[in-house]
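These notes concern the structure reproduced below.
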Amino acid sequence: MAGKLKREDPGAFAAWCEGALALEKAAEEEETTELLLSCTQAELQSRGLAILKLRVAEQSTALYGRACLTLERSSGAGDLPSHKISHGDIVGIFDQGSRPLSKAVPLASAVATRIRSATIQLAFDGDVPVDVLDGRLLNLALVSSDVTLKRYKEALDMLKSGARSPASALVGVCFGDAKPRFYEAKSEACARADAVDCTFLSESANQLNEPQQAAVVKALRAADVAVIHGPPGTGKTTTLVSYILEAVYRKQRLLVTAPSNVAVDNLLERLADAGCRSLVRLGHPARVQENIQQFTMDNVVYASDQAELCRDIKKEIDQILGKVRGKKAQVPNKPWSNLKELRTELRQRERRAVAEVLRTTQVVFATCTGAAVLHREIRRGLGAASLEFDVVVIDEAAQALEVACWIPLLLGKKGVLAGDHQQLAACVKSAEAQKQGLDETLFGRLIESFGDDVASLLSIQYRSNEKIMGWSSSSFYGSRLEAAPSVASQTLSLQEVPSFNINAEVLDLATAPMLFVDTAGLPMYREDGEASRSDIQQSRCNPGESRFVVHYAKLLVRAGLRPEAFTVITPYNRQVEQLRADFAADADMETLGIRPRINTVDSFQGQEADAVLISLVRSNMHGVVGFLSDYRRLNVAVTRARKHVLIVGDASTICNDDVLSSLYGYACDHGRAAFVQQLLDEEGGVPADPATVAAVQEERRQALLRTTDKSKEKLRDKAQEEEKLRQQFQKRLRHVLDTGQPLQFPAKLSPYERAIAHEVAKELGLLHESRGEGSERRLVVWSKDGPSIPESHGEPGHTVAGKEGKEAVATSPPAPAPAEASETVLEAFERRARELLASLGPGKPAAEWKSPTDEEVDVLRRLAGDLQLEVVEAGSGKKRRLQVQAASLPTVANSHAPEEPPQPAVNAQLAGLHEERRQRQLAMAEQRKKDIEKSNADLKVAKQAAKKERAAKKGAATADDDDLDALLLEFTKEEGICSFANCKDTNRVSGLYLPVHCFWQSNTNRFESELLTRSQEKTNTLMDACWAQTSWPVILPRIYEVSNFGADGQGARE
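full-length UniProt numbering puts the first residue of the sequence shown at 1, with every later residue one more than the last.
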């Protein structure tokens, strides 16, 4: 099924979704594989994808008898390096000597279950491989996991099978077989048997505002599904908790889920604080916050009747592990056999205890994908009826893929979804899967299909000043939001500080609810790499914006804002790193007590602050805004602020996007807009007189608005022009439909006009074909039922399209041989231009290039000179045009005189001269090509040599040192006795045993080459070691010699 998904039925959805998930899986694997192949181990660690040189610190046993290992740094002290491994991630365990990681086979795979600053705990499905326990150093690296994909496929299989489930009615509503049903609310006027008593039983529900109470009542009345739509700051979680409490008081069983562990724990904590006690949290305890650990399945199971016996079995397992740890696999056969039996018994008893907990608990919590364990328990024989729920609640449903929502929904009779589809959605890495609609959520689809019939909008927000809220309300919520009186007019309370030029004018900007600081036109505020038009999933940073944000944060704190009351957010990870570095490097941070919170927009969703400083980053000459164009991310960023939001950006760049342009316009109309130089001078402080800059900024703002208006007018004109063309083509092509006669359009149609004609022909169900090349390319259209159109011959590259709009390349003559693989872009351009210009002659149309670069112009002028052609250049920038044509013939004095035919002798002479010139040109072109190829080859060789030299120098002080240290340590036992045969000498220097004498005798060449690259400090350490060795008179002179100390070494020793 191609294109956007049409959710006709569960089977069609499942079939489509499997294909889209395969695309997403391929994109994830490609990203991981590319990094593993292109990065060294050190680079992988710096990117947070690997942790190097770890050792086993502890063994233990977790729930279900899972074997666990705790790893720490090889030194035994210090925190782990910064990494991206999180709870639940699948990691590969590699031997530290395996290089590179991309080609190494992991010793084992495990799940990260507990992350601490200095340790990481891993859980294994079976026994820990002996190779992991033999004392060697280990590396960890993230690997792609199929667990989530398998759970998705299991849910899709259940949907496809159509098997009876408690969610049958819910499935019918979501796939269009029925409309959502709602019971009547019981009242004096309605006494129907199926009416629902909506009287609030919990204290929290009585404290809700009117829209929140209406949402709770609608959820109670729903028979199949209800949606709680909660824009930022409207109390969505409070409303959802109140509904869950009402359902609990009505003796209903609930499965409460969310896409993330944080959202699940938040709901669990709120319900526990409200007095609920029949609660259990599924999932690894390490993923759960410490204050609610008592509700995890591990803790609940070990508080059951089976707990004491399970603890005894675990204790016996740990004793066996302690005995066999570090020994070879063939030695402890009997203990390993006993270990397996004990683990089997422990697993069986714990599963019985888990089944009992699930049968008796009223509210079960899990992530959407974590709920798959309930389906697994059903397949293991636990009665399906005991795991059916009256209600399945999904919080943050707009952030979950639809397939993820079906995992818990298939376990319940009714679904209640809460979220906001105008904020960040689920992350989809595959552009093709996203294009097909994988990121479209069930939450958004229900609102789109049923609107207010199924959804309840929470319309009163309690977070932001009404001017901050206003842009979000008008842009995304139909102006239906209103600010509560308690927050509608709240602003920052700041005061003047004359010593830092913080005067009334500056405070007027800093206390405005919304402030846009424009950096347009200033080179120092350009994003990095801005000269490139490419925006292929690369993170960006803007050092100029980062420095300004640091300056503005200091301004707010000096004016009276508490340091912990502001946060900094940005869409790009690299800008987060840049901001953290700039804040850390500023000398005033410690004096002012500033320890800023700096996050990406995505990681800050759901949080808030009095003041939020936003760095948009994008500033370039091409108007490229990247994924800033995702309006949901922008909505999240702005609505994090309570009293003040600062937006730093380049207005000329962001106004190329409609939503970003509307934000800038709103800030100008309802907030404040300022030029960056009004708040930051060249010395890094606040300007003494910002008024003069303000006047310039106002003039620039008006000019920008005029430019924006002109751009919109041009777009309108273009749309009108396109519509006229469509009407003209429709009129002509309907004649083909009526008469059945084919129609051939003239070659003078532009590519743009031909494309529109193709679209119109497709809409009318006609066959359409483009034939020919260049200026001779023309469009032929004919009816499927009319006379057949003759096939074109000798026209390479023509295409035929049918009703489906698919193009197929027609039979054409053999294509010329492709260019050399090493050919550069400019060389390819020169080759094509040379072929085209060689065909020009008297009477032939000129060749034209639009918007050529300076390099291309140079090439064309050189070729035209060689071929004695005329060059005409006009315009500049995007309107630059360059034409090349044959030289004009001399004009005749009497243009009206009859033209005499040329003499045959003259014709022959001209033809000979022309052929001579053509041969010379071809020879010159061939020689130039050889010269270019030779220059490129020489340059390539030079670059490779330089690259190898740099790599050798860089690796000399790091990798080679480590290699030599490892090699030396291989020959030394823990007791400090040399491992070489027939040698028992010992020596201890600087904490290391160095058997240099034996090592020298076996590795003389290696020893000398390593010494040439070692640091001075380590060389001295080796020399100290040699003084204590029995063979030092032989070894030491060579150390001095290869270390450039001289053969006798006396000067260096002294």
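Yeah, the Cβ is synthetic: ideal placement off N, Cα and C, and Gly gets one too.
**OP:** Could you tell me the boundaries of the beta strand (DSSP E) in which H644 lies?
**Re:** Here residue 644 refers to the residue found at position 644 when the sequence shown is read from its first residue. 641-649 is the extent of the beta strand (DSSP E) around H644.
**OP:** Spell out the partners DSSP gives C68 in its beta bridges.
**Re:** For the purposes of this step, residue 68 is identified with residue 68 of the sequence shown, where counting begins at 1. Looking at the DSSP output, C68 shares a beta bridge with S60, A123.
Original post:
Alpha carbon to alpha carbon, what distance is there between Y664 and N503?
Top reply: Along the sequence shown, read from residue 1 onward, the residue named residue 503 stands at position 503. Along the sequence shown, read from residue 1 onward, the residue named residue 664 stands at position 664. When rounded, the distance between both Cα atoms is 25 Å.
Original post:
Nearest to R349 by alpha carbon, out of L679, G370, I313?
Top reply: Residue numbering aside, residue 349 sits at position 349 when the sequence shown is read from its first letter. Among L679, G370, I313, the Cα nearest to that of R349 is on I313.
Subject >> Close-in-space but distant-in-sequence residues of the same chain around E388 (CB under 6 Å, 5 per side omitted) >> reply: In the sequence shown, residue 388 corresponds to position 388, counting from 1. Sequence-distant Cβ neighbours of E388 in its own chain, meaning closer than 6 Å and more than five residues away, are P166.
**OP:** Answer with buried or exposed for D518, where buried requires no fewer than 16 other C-beta atoms within 10 angstroms of its C-beta.
**Re:** Residue 518 sits at position 518 when you count from the first residue of the sequence shown. That one is buried.
Original post:
Just curious, the beta strand (DSSP E) that M514 is in, first and last residue?
Top reply: Residue 514 sits at position 514 when you count from the first residue of the sequence shown. From DSSP, the beta strand (DSSP E) with M514 extends over 514-518.
**OP:** In the DSSP assignment, find the alpha helix (DSSP H) that holds H758 and state where it starts and stops.
**Re:** Residue numbering aside, residue 758 sits at position 758 when the sequence shown is read from its first letter. Looking at the DSSP string, the run of the alpha helix (DSSP H) that includes H758 is 751-763.
Original post:
With contact counted as at least three CB pairs below 8 Å, one residue from each stretch, are the segment 108-115 and the segment 47-60 in contact?
Top reply: The segment 108-115 vs the segment 47-60: no contact.
Subject >> CB contact check: V132 to chain D, cutoff 9 Å >> reply: Checking the listed chains, one finds no chain D in this structure; it contains a single protein chain.
Original post:
Should S242 be labelled buried (16 or more other beta-carbon atoms within 10 Å of its own) or exposed?
Top reply: For the purposes of this step, residue 242 is taken as the residue at position 242 of the sequence shown. Buried, because 16 or more other Cβ atoms sit within 10 Å of the Cβ of S242.
**OP:** Starting from the Cα of P842, find the closest Cα among E933, A886, A864, A247 and give me that residue.
**Re:** Here residue 842 refers to the residue found at position 842 of the sequence shown. Selected option, being the one with the closest Cα: A886.
Original post:
What does a CB cutoff of less than 7 Å around C405 pick up in its chain, not counting 5 residues either side in sequence?
Top reply: The count along the sequence shown starts at 1 and reaches residue 405 at position 405. Cβ neighbours of C405 within its own chain (closer than 7 Å, five residues either side excluded): C368, I394, A397, L442.
Subject >> Beta carbon of A641 nearer than 9 Å to that of N501 >> reply: Walking along the sequence shown from the start, residue 641 turns up at place 641. Walking along the sequence shown from the start, residue 501 turns up at place 501. Contact: no.
Original post:
Whose C-beta lies closer than 8 Å to the C-beta of L21 among residues of the same chain, with five residues either side of it excluded?
Top reply: Taking the sequence shown and counting its residues from 1, the one referred to as residue 21 is at position 21. The beta carbon of L21 lies closer than 8 Å to those of L149, Y152, K153, V403, A433, L438 in the same chain, with the five residues before and after it left out.
Original post:
Do the segment 166-176 and the segment 60-80 make contact, defined as three or more Cβ pairs closer than 8 Å?
Top reply: no
**OP:** Give me the Cα-Cα distance between R533 and V624, rounded to the nearest whole angstrom.
**Re:** Numbered from 1 along the sequence shown, position 533 holds the residue referred to as residue 533. Numbered from 1 along the sequence shown, position 624 holds the residue referred to as residue 624. For R533, the predicted model reports a pLDDT of 40, less than 50, meaning its position is unreliable and no value from the coordinates is stated.
Original post:
With distances taken from CA atoms, which of I756, L743, A747, G740 is nearest K724?
Top reply: The count along the sequence shown starts at 1 and reaches residue 724 at position 724. Considering only alpha carbons, the answer is I756.
Subject >> For S242, the first and last residue of its enclosing alpha helix (DSSP H) >> reply: Reading the sequence shown from its first residue, position 242 is the one you call residue 242. Counting along the chain, the alpha helix (DSSP H) containing S242 begins and ends at 236-249.
Subject >> Separation of E856 from Y752, as counted between CA atoms >> reply: As a first step, residue 752 is located in the sequence shown; it is residue number 752 there, counting from the start. As a first step, residue 856 is located in the sequence shown; it is residue number 856 there, counting from the start. When rounded, the distance between both Cα atoms is 24 Å.
**OP:** Rounded to whole angstroms, what's the CA-CA distance from R732 to S750? Just pull it up for me.
**Re:** Taking the sequence shown and counting its residues from 1, the one referred to as residue 732 is at position 732. Taking the sequence shown and counting its residues from 1, the one referred to as residue 750 is at position 750. Rounded to whole angstroms, R732 to S750 spans 17 Å at the Cα level.
**OP:** At 4 residues or longer, and completely inside the segment 176-244: list those alpha helix (DSSP H) runs for me, N to C.
**Re:** 203-206, 210-221
Subject >> DSSP three-state assignment for S770, whether helix, strand or coil >> reply: Walking along the sequence shown from the start, residue 770 turns up at place 770. Strand, per DSSP.
Original post:
Can you find at least 3 beta carbon pairs, one from the segment 477-486 and one from the segment 634-653, that sit closer than 8 Å?
Top reply: Too few Cβ pairs lie closer than 8 Å, so no.
Original post:
Can you give the Cα-Cα distance for T570 and S539, rounded to whole angstroms?
Top reply: Within the sequence shown, numbered from 1, the residue matching residue 570 stands at position 570. Within the sequence shown, numbered from 1, the residue matching residue 539 stands at position 539. Rounded to the nearest angstrom, the two C-alpha atoms are 11 Å apart.
Original post:
At which residues does the alpha helix (DSSP H) containing E506 begin and terminate?
Top reply: By 1-based counting over the sequence shown, the position of residue 506 is 506. Contrary to the premise, residue 506 reads as Val rather than Glu in this sequence. Start and end: 504-510.
**OP:** Alpha carbon to alpha carbon, how far is V196 from L23? Give it in angstroms, no decimals.
**Re:** Working through the sequence shown from its first residue, we reach residue 23 at position 23. Working through the sequence shown from its first residue, we reach residue 196 at position 196. Computed Cα separation, rounded: 45 Å.
**OP:** Could you name each continuous alpha helix (DSSP H) segment of 4 residues or more that falls completely within the segment 524-599, going from the start of the chain to the end?
**Re:** 543-558, 573-585, 588-592
Subject >> Whole-angstrom C-beta distance between S475 and V659, which should lie under 8 Å >> reply: In the sequence shown, counting from the first residue as 1, residue 659 sits at position 659. In the sequence shown, counting from the first residue as 1, residue 475 sits at position 475. At roughly 7 Å, the Cβ-Cβ gap stays under 8 Å, so V659 and S475 are in contact.
Original post:
Around the Cβ of K413, are there at least 16 other Cβ atoms within 10 angstroms (buried) or fewer (exposed)?
Top reply: Position 413 of the sequence shown, counting from 1, holds the residue named residue 413. With 16 or more Cβ atoms within 10 Å of its Cβ, K413 is classed as buried.
**OP:** Check each candidate in D785, Q730, Q741 and name the one with the smallest Cα separation from S759.
**Re:** As a position in the sequence shown, residue 759 is number 759, starting the count at 1. Reading off the sequence, residue 759 comes out as Glu, not Ser. Closest by alpha carbon: Q730.
Subject >> Residue from E505, E722, T739, K762 whose Cα sits closest to the Cα of L679 >> reply: Along the sequence shown, read from residue 1 onward, the residue named residue 679 stands at position 679. Minimum Cα distance to L679 is reached at E505.
Original post:
When burial is assigned at 16 or more other CB atoms within 10 Å of the CB, is Q422 buried or exposed?
Top reply: If you number the sequence shown from 1, residue 422 lands on position 422. Counting of Cβ neighbours within 10 angstroms places Q422 among the buried residues, the total reaching 16 or more.
Original post:
Using the rule of at least 16 other Cβ atoms within 10 Å of the residue's Cβ for burial, across every protein chain shown, is K718 buried or exposed?
Top reply: The count along the sequence shown starts at 1 and reaches residue 718 at position 718. Counting of Cβ neighbours within 10 angstroms places K718 among the exposed residues, the total staying below 16.
**OP:** Could you check if C17 is buried or exposed, using at least 16 other CB atoms within 10 Å of its CB as the buried criterion?
**Re:** To locate residue 17, count along the sequence shown from 1; it is residue 17. Classification of C17: buried, given that the 10 Å Cβ count is 16 or more.
Original post:
What do you get for C668, buried or exposed, if any count of 16 or more other CB atoms within 10 angstroms of its CB means buried?
Top reply: Numbered from 1 along the sequence shown, position 668 holds the residue referred to as residue 668. By the 10 Å Cβ count, C668 comes out buried.
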